[in-house]
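Colleague: Next up is a structure, given as structure tokens.
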Amino acid sequence: MGVLIDQILAQQIVDATHQVIEKDINFINIEGMIIASTNPNRMGQFHEAGYGAIQAAEVKIVDSNTAYEGAQKGVNLPILIDGDVYGVIGITGEPKEVLKYGFLATKITEVLIKDKEMSSHVETRQQMIASLMSMCMSEKKVSSLQLSDILSHLNINEDDRYCCVCIELNKYHLNQATLQSRLRNIIESYQIELFSYTYPNLFTFILSEQKWEHVVKNKETLQNIGKEVVWCGIGDFEPITNIQQSFTAATIALKYCKQYDLDYMRYENLDFELLVEDMKETTKQKYIKKMISLLDDEDIEFLTQYYQCNLSLKETAETMFIHKNTVQYRLERIYRKTRINPRVFNESALLYLAIKLKKLK
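Residue numbering for the sequence shown follows the numbering used here, beginning at 942 and increasing consecutively.
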């Protein structure tokens, strides 16, 4: 018998599997349609090989990108739980290379599906919390009636303000179990109910203003988990009915927190980053190439320091332990290379933008 999996769960499965094996992943439902993928262009396509794997309840290997409709080279593994087919996990790549990930991919999927099924059997407080967290992290518009019902069961006032906090553990740290244990101890110590865990290393929290004061504002809380192994993105405070906006803000803050290698970053503290968040990557690269492609790493690091010193020749010289004349010489050299004068504010801003974009890559 076939069991339909919703798109939200399917995308969670795809994302979790992709984080572990770092290959393009597709989830094909029992009707043979791709309902979740690491490649947005493949969403909604019919996957002939995946459908064949469902019908036969066996692994389907694709050796050519043209062998089956909507399929690329890779392996397609049916998800079987207690005799029921839940869909297919497709791993894109050379079959001989990606087949070894099959067992791991199906086990991750089975764990996530069983977890979903268990939570749906009993309408408990934990299930209500899970539903709220799922709504928080969903890109789809949330039903106001459904949300009101959940908030009512959880005794949460719709006008109360909450913020979303995303904490990601460094997946390359050798002892993930220890890091997770420390974080869960914090959850228990502060009696945090509104949280979720996304395999393999992301924790998402919804915190009231009171909880925020105790948990996140106290820097020692994060330091207790471990220095340089945790990143924390913090969204804005919003009425609980707008918590999706806070989650989006928290994920953006987390992204730049990781890029700058900071322990935590608040969305409200971002400025330049928000301007370029939706800028196309090709546009960024064209601008970088146009402005600073002729500069070497030494030039860029020098300009970075120069901007940190607010374009002050004296302060730059003192900070870099060089003579003021050397600073002037290097600025002149950069001008000769780029025909942009870093000592003129309007022109210097062009270089500053290019360097910021380059460092955000």
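Ideal Cβ placement from N, Cα and C applies to all residues, glycine included.
Would you kindly work out how many angstroms separate the C-alpha atoms of L1095 and L1244, rounded to a whole number?
Modeller: Within the sequence shown, the letter at position 154 stands for residue 1095. Within the sequence shown, the letter at position 303 stands for residue 1244. Spanning the two alpha carbons is a distance of roughly 53 Å.
Colleague: Only counting the same chain, and skipping five residues up and downstream in sequence, which positions put a Cβ closer than 6 Å to that of K1001?
Modeller: Here the question's residue 1001 lines up with position 60 in the sequence shown. Correct list, in chain order: A990, G993, A994 and N1017.
Colleague: To the nearest angstrom, how far is the alpha carbon of K1278 from that of L1235?
Modeller: Mapped onto the sequence shown, residue 1278 falls at position 337. Mapped onto the sequence shown, residue 1235 falls at position 294. Roughly 6 Å separates the two Cα atoms.
Colleague: Determine contact between the region 1103 to 1114 and the region 1212 to 1223, defined as no fewer than three beta-carbon pairs at a distance below 8 Å.
Modeller: As far as the Cβ criterion goes, the region 1103 to 1114 does not touch the region 1212 to 1223, which means the pair count is below three.
Colleague: Per the contact definition of three or more C-beta pairs closer than 8 Å, is the region 1125 to 1134 in contact with the region 1083 to 1091?
Modeller: With the cut-off at 8 Å, the region 1083 to 1091 and the region 1125 to 1134 do not touch.
Colleague: Counting beta carbon pairs with one atom in the region 946 to 953 and one in the region 971 to 981, are three or more of them shorter than 8 Å?
Modeller: With the cut-off at 8 Å, the region 971 to 981 and the region 946 to 953 touch.
Colleague: Take the Cβ of P1283 as the centre, count every other Cβ of all protein chains shown within 10 Å, and call the residue buried at 16 or more, exposed below.
Modeller: As a first step, residue 1283 must be located in the sequence shown, where it is residue number 342. By the 10 Å Cβ count, P1283 comes out buried.
Colleague: Check each candidate in L1088, Q1013, M1206 and E1222 and name the one with the smallest Cα separation from G1031.
Modeller: Stepping through the sequence shown from its first residue, residue 1031 is reached at position 90. It is Q1013.
Colleague: Straight-line CA distance for I1233 to T1260?
Modeller: For this step, residue 1233 is matched to residue 292 along the sequence shown. For this step, residue 1260 is matched to residue 319 along the sequence shown. Cα to Cα, I1233 sits roughly 23 Å from T1260.
Colleague: Give the DSSP bridge partners of N967, in chain order.
Modeller: By 1-based counting over the sequence shown, the position of residue 967 is 26. DSSP output for N967 lists S978 and G1031 as bridge partner(s).
Colleague: Would DSSP call F987 helix, strand or coil?
Modeller: To locate residue 987, count along the sequence shown from 1; it is residue 46. In the structure shown, F987 sits in a strand (DSSP, three-state: E or B).
Colleague: Count the CB pairs spanning the region 958 to 967 and the region 1022 to 1040 that are closer than 8 Å, and state whether there are at least three.
Modeller: Yes, they touch.
Colleague: Please name the residue or residues paired with T1145 in a DSSP beta bridge.
Modeller: Start at 1 with the first residue of the sequence shown, and residue 1145 comes out as number 204. In DSSP, T1145 forms a bridge with C1107 and S1137.
Colleague: Using the rule of at least 16 other Cβ atoms within 10 Å of the residue's Cβ for burial, across every protein chain shown, is Y1113 buried or exposed?
Modeller: Looking up residue 1113 in the sequence shown gives position 172. Under this definition Y1113 is an exposed residue.
Colleague: What does the alpha-carbon distance come out to for the pair L1092 and K1196?
Modeller: The count along the sequence shown starts at 1 and reaches residue 1092 at position 151. The count along the sequence shown starts at 1 and reaches residue 1196 at position 255. Whole-angstrom Cα-Cα distance: 29 Å.
Colleague: Kindly indicate the opening and closing residues of the beta strand (DSSP E) around I946.
Modeller: Counted from its first residue, the sequence shown places residue 946 at position 5. Where I946 is concerned, there is no enclosing beta strand (DSSP E), given that its DSSP letter is neither H nor E.
Colleague: Can you look up I1281 in the DSSP assignment and give me helix, strand or coil?
Modeller: The residue given as residue 1281 occupies position 340 in the sequence shown. In the structure shown, I1281 sits in coil (DSSP, three-state: anything other than H, G, I, E or B).
Colleague: With a CB to CB cut of under 8 Å and the five nearest residues on each side skipped, what residues in its chain are close to K1221?
Modeller: Along the sequence shown, read from residue 1 onward, the residue named residue 1221 stands at position 280. Nothing meets the Cβ criterion.
Colleague: Can you check which of these residues, I1147, G985 and F1044, is closest to M1076 by C-alpha distance?
Modeller: Taking the first residue of the sequence shown as 1, we reach residue 1076 at position 135. M1076 has its Cα closest to that of I1147, out of I1147, G985 and F1044.
Colleague: Please determine, among L1045, D1023, N1266 and M1074, the residue with the shortest C-alpha to C-alpha distance to K1055.
Modeller: Residue mapping note: residue 1055 aligns to position 114 of the sequence shown, counting from 1. When only C-alpha atoms are compared, the closest one is D1023.
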